[in-house]
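For the sequence shown, UniProt numbering gives the first residue as 1, with consecutive numbering after it. Input: a single structure, listed below in structure tokens.
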Amino acid sequence: MKSQGVSGDHLVFPKVLKACSQLTWLDGGMWVHGGVVVSGHEQHFHVCNALIDMYAKCGNVLSGRLVFEEMAKTRDLVTWNAMIRGFGMHGLAQAALNLLQDMKRVGVHADALTFTSVLSACHHSGLVEEGIELFESMIGEYGFVPRMEHYSCVVNMLARVGRLEAAINFIHQMPLELDKSVWGALLTACLDQQNVEVGKLAAEKLIQLEPERAGHYVALYSIYAEAGRWDDAVNVRKEMEGRGSVKPSGQSWITIRN
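Below, the structure written as structure tokens:
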């Protein structure tokens, strides 16, 4: 771009930075950052938001934080969300929680993406109690009605640390009609922890929602096979074949019996 005499602006720079993010090309992103400074666009919020996102996705969240700190007067909700999401990507859940409190202190209203990003950060960092506390504060403290993705994050958090009974109790209290993201999160945890009964429940719910998806049958088959319940495993395979579902490539019915 520069070699052809084309200068960047507040419309061009974000697009180039997005490309660097998608390629996780940190050197390229830093080169573009230099161009941003030279051209005098380092305070434009669209450009800065793209810089924060690029640095986070390219593994340099500290540089993203420096950009964030330098734009104190031009931050918008996208800026805060980009920084929180960046912390979450790198397992810095406490930093994400602190930033959420800073948002509230300066009067910036969090949105669905904000809460999803912080809850995901808690999930990946193992801060289960902090994540549940945040979820419970969404309505009372923030006046925000949780959406399905927020419920799914909590189920993920509980299931990941083996609290499957708590996850089931939480699911039963949900006021929304459950979708595949919630049951899928539970099923994944059951496969890892070899919990037959909860895994059976999750897989059967997924089969009801998506009867054509062969992967759900394969997962249920695997749960039964690992538990030595071969009659149940064979019945699942027959049900799948009877529905005409196609087994995904890379997955196998073969399980070695001990």
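For each residue, glycine too, the CB sits at the ideal point set by N, CA and C. As the structure is a computational prediction, the values presented were derived from the model and not from experiment.
Item                                                                                                                                                                                      : Value
Considering only residues of the region 95–125, which uninterrupted beta strand (DSSP E) runs meet the minimum length of 3 residues and lie entirely inside it, listed in chain order?    : none
Whole angstroms are fine: how far does the CA of A110 sit from the CA of K104?                                                                                                            : 8 Å
Just the Cα atoms here: how many angstroms apart are V218 and R237?                                                                                                                       : 8 Å
Over the uninterrupted alpha helix (DSSP H) stretch that includes G59, give me the two end residues.                                                                                      : G59 -> no alpha helix (DSSP H), and no H or E assigned at all.
Which same chain residues, not among the five before or five after L26, have their C-beta less than 7 Å away from its C-beta?                                                             : C58, G59, N60
Report, in whole angstroms, the separation of the C-beta atoms of L92 and A56, which I expect to be a contact under 8 Å.                                                                  : Not quite, the Cβ-Cβ distance comes to about 10 Å (not below 8 Å), so this is no contact.
May I ask which residues mark the beginning and end of the alpha helix (DSSP H) holding N235?                                                                                             : 230–243
Tell me, to the nearest whole angstrom, how far the beta carbon of F13 is from that of V47; I am working on the premise that it is less than 8 Å.                                         : 5 Å
From M89 to N98, what distance separates their C-alpha atoms?                                                                                                                             : 15 Å
Could you tell me the alpha carbon to alpha carbon distance between L11 and F115, rounded to whole angstroms?                                                                             : 28 Å
My understanding is that L164 touches A189, with C-beta atoms under 8 Å, so please give their C-beta distance in whole angstroms.                                                         : 7 Å
Are the CB atoms of L119 and L134 within a distance shorter than 8 Å?                                                                                                                     : yes
Identify, in the order they occur along the chain, each residue of the same chain with its Cβ nearer than 7 Å to the Cβ of P211, setting aside the five sequence neighbours on each side. : R243
Are the beta-carbon atoms of V155 and A112 separated by less than 8 Å?                                                                                                                    : no
Expressed to the nearest angstrom, what Euclidean distance is found between the alpha-carbon atoms of A96 and W230?                                                                       : 46 Å
Given a threshold of 16 other Cβ atoms within 10 Å of its Cβ, counted over all protein chains shown, does E130 qualify as buried or as exposed?                                           : buried
In its own chain, which residues sit with a C-beta less than 8 Å from the C-beta of H41, not counting the 5 before and 5 after it?                                                        : G8, D9, H10, F13, V47
Between A225, A214, F45, G162, which lies nearest to G126 when the distance is taken from Cα to Cα?                                                                                       : G162
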